[in-house]
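K.L.:
Sharing a structure, written as structure tokens. Questions coming.
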């Protein structure tokens, strides 16, 4: 009974501590997702967008508009503008940004996907921010946005103490606690996040940086962290001042070659260097990891210096690349002595030096992959208003359940709260950590809702052996489907097989993370290599042939849209959706090639033919779209003029002249239709259909053309820099397109 009272007291204390600590914690979220159909945001209007930045602004505006309509959040959360696409609004507003790591293609059936990363405003653990978060998640998963997540997406949680930050000692406590409980926390995650190159285990990363290898013990890792923290704590004021002023001294060529790291145009020390004083060899100057190399001298002559902006412009204008320190050092022997100077990084505030030193002493010196840890430490040296600890391991958001996501955020907040009370020299119990130990450490019994979340997350994850068994089973089904589909002939069969082939590639990519190269499952790939090679050749030929058909059809349709009436264009160019169907088939073939075997095996002549036909099709499509836009514009104006009362108004019941089809236009339409090779009735019956019937409303024809334009010109991530820029060169700038939107809107209101 006494033990129970003690446990209950500890739990109650944890609850009180959390209520106090959470007031000082700040939270930022990165929600990675994709919109399955970007065009759904502008389903019934033209959106003349020419850049990717404009697409991001479209998403931000759509989110803002729909967030304003939420009623559940109450007055506290209602603001004029909740979502921005301007990075300068980071921290103060939710912002929409690009993320190249998101792969919408891993989810089948997306018509027009658009990957985005949604960055939250700086939040607190209070009612207002939680309500706003729930509103945002609800809006994301609702039409027309309907955001989705898959294996390529994740939820990143940033925790800080804005406007301040944790003390260095507190960061060390959090690191040690996370090292201890990382294996248990991993059990809450799907296997795809447990073993993921974009969120490596912190244990694995630190063991690698320490040179301990995969068998590193927990005790060794704790020693490594404590040694790094001790180096920072022992740094006296004179050494700190020397680092800020810059370090200059002598080293050998071999020491420099092994200690330098190049990232972009910046070269820095990736390991500690002890430079000899240039005048007194008995003195040494300490260069910690992360110091930026400024200049190299050999026997009094400068052989390399960090290029300035003017140097870079001059080199790039001449078509060259700036020299590297390695190139300058190559001509010297290993023991040649070099005078070198290092500077403290200009982007690190002087008052953040200790965090920068701790990060670099742990081995995270700025390599591109350093941030890809489940606990990312690469932001702790930033200014206090941007410094955070980032947890990267949670899977892409289940947007249908905001509580699942927020439960993880609350779990991390409580984990940090409990870590902060650990002694600085804390060492965990012997033996591997387990579920019960983690729960005791976090004193979760004071929060039954969080305990329920924890249990729910845990039981959702299949055991590793079950996961691998299901993966193998799914693979066998996919491989059988692919073999059957690839054996069938004809274009429809090729298009059907595209889906199977893409899913095979996605599944293979996922299996590589879990199955060794000698696993028997890869025997299918080896046995089916010739079949796969033949199918890739079928894809190339099918794309070439389909582009040829598309060019012929577009050539005919462009002539129809240029030379005939609105009614005729609707019948021939719009009804049936010939252009849209051809585009969808060609896109499917193209994306299948790019996602699977690529273009390397395509013969040069065939590849050039595909390129030529694609270029011709692009120009014809732009011409056809220009014609449709002009036809829609002139018809809308005529209808509005015809409807307006005036002295010279057309006689009642008569169609405005431009909306009818003359004999010459009808003949052109028939010729173009036959040029397409259409399987249609004879020309006489076709001509009769062009004349229309009494009672038909010309506004319906305008609507048909306008809807076709909205579909063909729907914003797409892969075409945003081509379509409207091409139309601008054909007289259709965004202002004219918006004017057409207004014309059609006025017509609809009059109807």
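Numbering (UniProt numbering), first residue to last: 1 to 751. For each residue, glycine too, the CB sits at the ideal point set by N, CA and C.
Would residue 768 and residue 134 be called neighbours here (beta carbons separated by less than 8 Å)?
P.N.:
Since the first residue shown for the chain is 1 and the last is 751, residue 768 is missing from the structure and cannot be characterised.
K.L.:
Of all the options 468, 750, 583, which has the alpha carbon lying nearest to the alpha carbon of residue 190?
P.N.:
The count along the chain shown starts at 1 and reaches residue 190 at position 190. Out of 468, 750, 583, 468 has the C-alpha closest to the C-alpha of residue 190.
K.L.:
Does the Cβ of residue 320 have 16 or more other Cβ atoms within 10 Å, making it buried, or fewer, making it exposed?
P.N.:
The count along the chain shown starts at 1 and reaches residue 320 at position 320. With fewer than 16 other Cβ atoms within 10 Å, it is exposed.
K.L.:
Roughly how many angstroms lie between the CA atoms of residue 539 and residue 552, to the nearest whole one?
P.N.:
Here residue 539 is taken as the residue at index 539 of the chain shown, counted from 1. Here residue 552 is taken as the residue at index 552 of the chain shown, counted from 1. Spanning the two alpha carbons is a distance of roughly 20 Å.
K.L.:
What residue from 701, 137, 245 has the CA that sits closest to residue 148's CA?
P.N.:
Position 148 of the chain shown, counting from 1, holds the residue named residue 148. Looking at the Cα atoms, 137 is the closest of the given residues.
K.L.:
Does the beta-carbon distance from residue 40 to residue 85 come in below 8 Å?
P.N.:
Position 40 of the chain shown holds residue 40. Position 85 of the chain shown holds residue 85. Residue 85 is positioned such that its CB atom lies no closer than 8 Å to that of residue 40.
K.L.:
Is the Cβ-Cβ distance between residue 258 and residue 290 less than 8 Å?
P.N.:
Residue mapping note: residue 258 aligns to position 258 of the chain shown, counting from 1. Residue mapping note: residue 290 aligns to position 290 of the chain shown, counting from 1. Not closer than 8 Å, so no.
K.L.:
Using 10 angstroms around the beta-carbon of residue 525, count the other beta-carbons present and answer buried if the total reaches 16, otherwise exposed.
P.N.:
Mapped onto the chain shown, residue 525 falls at position 525. Exposed is the call here.
K.L.:
Assuming contact is defined by CB atoms lying nearer than 8 Å, are residue 34 and residue 116 in contact in what I supplied?
P.N.:
For this step, residue 34 is matched to residue 34 along the chain shown. For this step, residue 116 is matched to residue 116 along the chain shown. Taking 8 Å as the Cβ cut-off, residue 34 and residue 116 qualify as a contacting pair.
K.L.:
Evaluate contact between the stretch 428-445 and the stretch 477-493, counting only Cβ atoms and requiring at least three cross-stretch pairs below 8 Å.
P.N.:
Verdict: no, contact absent.
K.L.:
Quick one: measure Cβ to Cβ for residue 350 and residue 11, integer angstroms, because I've assumed they're closer than 8 Å.
P.N.:
Translated into the one-based positions of the chain shown, residue 350 becomes position 350. Translated into the one-based positions of the chain shown, residue 11 becomes position 11. Your pair residue 350 and residue 11 does not check out as a contact, with CB atoms roughly 43 Å apart and the cut at 8 Å.
K.L.:
Determine whether the beta carbon atoms of residue 150 and residue 37 lie at a separation below 8 Å.
P.N.:
By one-based count along the chain shown, residue 150 stands at place 150. By one-based count along the chain shown, residue 37 stands at place 37. Not closer than 8 Å, so no.
K.L.:
The ligand GDP and residue 211: does any heavy atom of the ligand fall closer than 7 Å to the residue's C-beta?
P.N.:
Judged by which ligands are present, the structure shown has none, so any question about the ligand GDP falls away.
K.L.:
Rank 386, 725, 15 by C-alpha distance to the C-alpha of residue 164 and give the top, closest one.
P.N.:
If you number the chain shown from 1, residue 164 lands on position 164. Just measuring C-alpha positions, the residue of 386, 725, 15 sitting nearest residue 164 is 386.
K.L.:
Going by CA-CA distance only, name the one from 140, 699, 169, 362 that's closest to residue 423.
P.N.:
By 1-based counting over the chain shown, the position of residue 423 is 423. Of the listed residues, the one whose Cα sits closest to residue 423 is 169.
K.L.:
Can you tell me which residues form a DSSP beta bridge with residue 156?
P.N.:
If you number the chain shown from 1, residue 156 lands on position 156. Paired residues: 30.
K.L.:
Run the CB neighbour count on residue 421, radius 10 Å, all protein chains shown included, and call it buried at 16 or more, exposed below.
P.N.:
Taking the first residue of the chain shown as 1, we reach residue 421 at position 421. Answer is exposed; the Cβ neighbour count stays below 16.
K.L.:
Using a Cβ-Cβ cut-off of 6 Å (strictly less than) and excluding sequence neighbours within five positions of residue 453, which residues of its own chain qualify?
P.N.:
Within the chain shown, residue 453 is the residue found at index 453, counting from 1. Closer than 6 Å at Cβ, skipping near neighbours: 407.
K.L.:
Could you check where the beta strand (DSSP E) with residue 765 kicks off and where it finishes?
P.N.:
A question about residue 765 goes unanswered here, because the residues of the chain that appear run from 1 up to 751.
K.L.:
Can you look up residue 632 in the DSSP assignment and give me helix, strand or coil?
P.N.:
Taking the chain shown and counting its residues from 1, one reaches residue 632 at position 632. Three-state result, residue 632: helix.
K.L.:
Among 556, 574, 479, 274, whose alpha-carbon lies nearest the alpha-carbon of residue 532?
P.N.:
Locating residue 532 in the chain shown gives position 532, counting from the first residue. Of the listed residues, the one whose Cα sits closest to residue 532 is 479.
K.L.:
Would you kindly work out how many angstroms separate the C-alpha atoms of residue 178 and residue 184, rounded to a whole number?
P.N.:
As a first step, residue 178 must be located in the chain shown, where it is residue number 178. As a first step, residue 184 must be located in the chain shown, where it is residue number 184. Approximately 10 Å, taken between the alpha carbons.
K.L.:
Would you tell me roughly how many angstroms separate the C-alpha atoms of residue 229 and residue 24, rounded to the nearest one?
P.N.:
In the chain shown, residue 229 corresponds to position 229, counting from 1. In the chain shown, residue 24 corresponds to position 24, counting from 1. Cα to Cα, residue 229 sits roughly 24 Å from residue 24.
K.L.:
Which residue comes first and which comes last in the beta strand (DSSP E) that contains residue 395?
P.N.:
Counted from its first residue, the chain shown places residue 395 at position 395. In this chain, the beta strand (DSSP E) harbouring residue 395 covers 389-395.
K.L.:
Between 587, 713, 181, which lies nearest to residue 550 when the distance is taken from Cα to Cα?
P.N.:
In the chain shown, the residue the question calls residue 550 occupies position 550. It is 587.
K.L.:
List the endpoints of the continuous alpha helix (DSSP H) containing residue 583.
P.N.:
Against the chain shown, residue 583 aligns to sequence position 583. Element bounds for residue 583: 578-595.
K.L.:
Skipping 5 residues on each side, what residues in its chain have a beta carbon closer than 6 Å to that of residue 91?
P.N.:
Along the chain shown, one-based indexing puts residue 91 at 91. Once the five neighbours on either side are set aside, the close Cβ partners of residue 91 are 122.
K.L.:
Can you confirm whether the stretch 321-330 touches the stretch 241-250 when touching is taken to mean that 3 or more C-beta pairs between the two stretches lie within less than 8 Å?
P.N.:
Contact between the stretch 241-250 and the stretch 321-330 is absent, because fewer than three Cβ pairs lie under 8 Å.
K.L.:
Using only CA atoms, which one of 507, 140, 359, 68 lies nearest to residue 475?
P.N.:
Walking along the chain shown from the start, residue 475 turns up at place 475. Residue 507 is the option with its Cα nearest to residue 475.
K.L.:
State the DSSP-derived secondary structure class of residue 249, mapped to helix, strand or coil.
P.N.:
Locating residue 249 in the chain shown gives position 249, where the first residue counts as 1. It is a strand residue.
K.L.:
According to DSSP, simplified to helix, strand and coil, what is residue 682?
P.N.:
Here residue 682 refers to the residue found at position 682 when the chain shown is read from its first residue. At residue 682, the pLDDT of 37 sits below 50, so the modelled position is not reliable and the matter cannot be decided from this model.
K.L.:
In whole angstroms, give me the CA-to-CA distance for residue 87 and residue 94.
P.N.:
As a working mapping, residue 87 is identified with position 87 in the chain shown. As a working mapping, residue 94 is identified with position 94 in the chain shown. About 10 Å.
K.L.:
I'd like to know if the stretch 192-209 and the stretch 390-404 are in contact, where contact means that at least 3 CB-CB pairs between them fall below 8 Å.
P.N.:
yes
K.L.:
If you draw a straight line from the alpha carbon of residue 544 to that of residue 721, how long is it in whole angstroms?
P.N.:
Numbered from 1 along the chain shown, position 544 holds the residue referred to as residue 544. Numbered from 1 along the chain shown, position 721 holds the residue referred to as residue 721. CA-CA distance, residue 544 to residue 721, rounds to 24 Å.
K.L.:
Under a three-way DSSP split, which group does residue 274 fall into?
P.N.:
Along the chain shown, one-based indexing puts residue 274 at 274. Of the three classes helix, strand and coil, the one that applies to residue 274 here is strand, per DSSP.
K.L.:
Buried or exposed: residue 458, going by 16 or more other Cβ atoms within 10 Å of its Cβ?
P.N.:
Within the chain shown, residue 458 is the residue found at index 458, counting from 1. Within 10 angstroms of the beta-carbon of residue 458 lie fewer than 16 other beta-carbons, which makes it exposed.
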